[in-house]
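As structure tokens, the structure follows; a few thoughts come after it.
Chains as they are written, first to last, in the numbering used here: chain V, 24 to 333; chain D, 11 to 103.
And the structure:
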């Protein structure tokens with residue numbers, strides 16, 4: 024049987040192998056717009072892959088989206104897949120998207136924590152961290168959303184390797200984080216970075232490690248508000264928004280704080296559905312509605328990024 | 011696959027910072043036995059935590075003894091996991 028993305032079910036969850044196979048087919052089928060980039064290897068030597076959506080041109084400004092840094096948040100990977108498909112389907116029909124892609128590139132890392140994700144399918148569905156180990160330490164894994172340089176080791180991260188929020192031995196000690204840092208720093212022209220989590224229905228911006236408002240606080244607040252409004256219009260799902268430390272909790276060494284301090288002004292973190300019935304076990308029937316509304320919020324941020332160059 | 015039969019997710023609504031602190035203490039006492047799905051952040055936000063079946067009596071007693079109100083968000087995690095696995099298998103077929 025010939026495999027293709029047409030036979031892929033976007034309304035069900037998939038294993039790492041299935042997603043990687045889909046990525047191969049997807050890039051092959053849409054080679055005019057999509058390419059697959061290998062940005063590194065995980066602790067367990069799995070490939071770290073990123074999809075690049077580009078209409079051409081060297082070193083364009085770019086938008087980064089990552090899903091699944093916490094491996095048990097399956098709705099995020101599924102949303103990343105659906106959104107990737109949406110981009111190729113909507114390009115040419117959606118004038119906003121067309122404008123964005125005619126000027127900027129979009130990068131999507133669908134499985135940001137491949138080792139952890141594989142582990143959720145084989146051993147422990149509720150695994151959150153990666154799978155790295157250190158000699159003499161019994162507990163395995165680092166919380167990849169506590170391993171970034173900005174605020175590393177501060178409030179809302181843990182030095183205990185057995186904690187779910189273990190920060191790791193050093194900033195960027197984890198290959199999954201180092202690969203992204205290397206890629207984004209090497210590229211040098213990212214203007215937005217959006218990291219997608221689940222669940223509690225929020226759109227947030229820096230800082231997580233400090234209660235201090237960022238210099239662009241007002242603009243980010245308004246943009247988060249606009250994103251949440253766009254999301255609400257799709258299925259009537261309400262999100263709250265604000266800075267991470269004032270909306271959710273203090274968290275140090277996180278992706279979007281690093282992004283902001285690295286000069287990426289439009290740094291946002293999403294917490295997708297749901298508010299408390301299924302948690303990380305959101306039924307597959309909610310994948311498409313979740314992705315549809317998330318797409319509108321992302322589109323709002325991407326459009327703003329295009330229209331407000333800096 | 012690890013089995014989560016009887017594990018529950020409890021939703022706690024802390025009234026104030028002191029109660030949140032009691033929940034944080036619970037994590038530091040038993041980091042491997044209590045798994046926060048939504049950590050103790052602020053009184054306006056609920057706290058969700060997965061509690062293994064074997065720890066349920068002691069954790070519920072801890073919550074009760076400190077006047078922390080809770081509800082059961084997920085009664086048996088394994089039931090949901092079985093449904094999820096079946097749905098994946100069906101989709102694959």
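Positions of the beta carbon are idealized from the N, C-alpha and C atoms, including for glycine.
Check	Outcome
Quick one: grab the DSSP three-state call for residue 73 (chain V).	strand
Interface residues of chain V around residue 51 (chain D) at Cβ under 8 Å?	271 and 272
Is residue 161 (chain V) buried or exposed, if buried means 16 or more other CB atoms sit within 10 Å of its CB?	exposed
Ends of the alpha helix (DSSP H) at residue 142 (chain V)?	137 to 145
Within 10 angstroms of its Cβ, does residue 25 (chain V) collect 16 or more other Cβ (buried), or is it exposed?	Confidence at residue 25 (chain V) is low in this model, with a pLDDT of 48, below 50, so the placement of that residue is unreliable and no value is reported for it.
If I follow the unbroken alpha helix (DSSP H) through residue 325 (chain V), where does it start and stop?	310 to 330
Restricting to runs no shorter than 3 residues, where is the beta strand (DSSP E) found entirely within the stretch 47 to 110 of chain V?	57 to 64, 70 to 76 and 84 to 90
Shorter than 8 Å from the beta carbon of residue 12 (chain D) to some beta carbon of chain V?	yes
For residue 57 (chain D) and chain V, any beta-carbon pair shorter than 8 Å?	no
Run through the stretch 165 to 238 of chain V for me and flag every whole alpha helix (DSSP H) of 4 or more residues, listed as ranges in chain order.	198 to 210
Listed in chain order, which residues of the stretch 80 to 91 of chain D have Cβ atoms closer than 8 Å to some Cβ of chain V?	83, 84, 87, 90 and 91
Quick check on this structure: which residue in V:258, V:284, V:53 and V:210 has the alpha carbon closest to the alpha carbon of residue 1 (chain V)?	In the structure as shown, chain V begins at 24 and stops at 333. Residue 1 (chain V) is therefore absent and cannot be evaluated.
Output yes or no for whether 8 Å exceeds the beta carbon distance between residue 219 (chain V) and residue 90 (chain V).	yes
When we look at the beta-carbon of residue 60 (chain V) and count the other beta-carbons within 10 Å, is it buried (16 or more) or exposed?	exposed
Check whether the Cβ atoms of residue 43 (chain D) and residue 62 (chain D) sit closer than 8 Å, and answer yes or no.	yes
Compute the Euclidean distance between the alpha carbons of residue 98 (chain V) and residue 333 (chain V), then round it to the nearest angstrom.	33 Å
Ignore the nearest five residues each way along the sequence and tell me which others in residue 73 (chain V)'s own chain have a CB closer than 6 Å to its CB.	60, 62, 130 and 132
Is there contact between the stretch 13 to 28 of chain D and the stretch 277 to 297 of chain V, where contact requires at least three CB pairs shorter than 8 Å?	no
Against chain V, does residue 94 (chain D) count as a neighbour if the rule is that its beta carbon must be under 8 Å from one of theirs?	yes
Who are the near neighbours of residue 15 (chain D) in its chain, counting only those whose CB is closer than 6 Å to its CB and skipping five residues on each side?	88
According to the neighbour-count rule (16 or more other Cβ atoms, all chains shown, within 10 Å of its Cβ), is residue 11 (chain D) buried or exposed?	exposed
Does the CB of residue 25 (chain V) have a neighbour CB from chain D at under 8 Å?	Because residue 25 (chain V) carries a pLDDT of 48, less than 50, the predicted location of this residue cannot be relied on, and no value is offered for it.
Would you call the stretch 261 to 281 of chain V and the stretch 220 to 228 of chain V in contact, with 3 or more CB pairs under 8 Å?	yes
Per the contact definition of three or more C-beta pairs closer than 8 Å, is the stretch 163 to 178 of chain V in contact with the stretch 193 to 213 of chain V?	yes
So which residues of chain V does residue 101 (chain D) contact, with C-beta pairs closer than 7 Å?	32 and 35
Report back the beta-carbon spacing between residue 98 (chain D) and residue 221 (chain V) to the nearest angstrom; my notes put them in contact at under 8 Å.	Contact flag wrong, Cβ pair sits at about 18 Å.
Which residues bound the beta strand (DSSP E) around residue 37 (chain D)?	Segment 27 to 39 is the alpha helix (DSSP H) holding residue 37 (chain D); no beta strand (DSSP E) there.
Quick check on the burial criterion: 16 or more other C-beta atoms within 10 angstroms. Buried or exposed for residue 153 (chain V)?	buried
Closest to residue 201 (chain V) by CA distance: which of V:230, V:142 and V:136 is it?	V:136
Chain D partners of residue 96 (chain V), CB-CB under 7 Å?	Chain D residues near residue 96 (chain V): none, gap ~10 Å exceeds 7 Å.
Please state whether DSSP places residue 89 (chain D) in a helix, a strand or coil.	helix
Is the stretch 107 to 127 of chain V touching the stretch 66 to 82 of chain V in the sense that three or more CB pairs, one from each, lie closer than 8 Å?	yes
Can you list the residues of chain D that residue 228 (chain V) reaches, using a CB-CB cut of under 8 Å?	Simply none; closest approach about 17 Å.
Could you name the residues of chain V that residue 97 (chain D) contacts, counting a contact when the two beta carbons are closer than 9 Å?	35, 36, 306, 307 and 308
Taking just the CA atoms, how far does residue 242 (chain V) sit from residue 96 (chain D)?	45 Å
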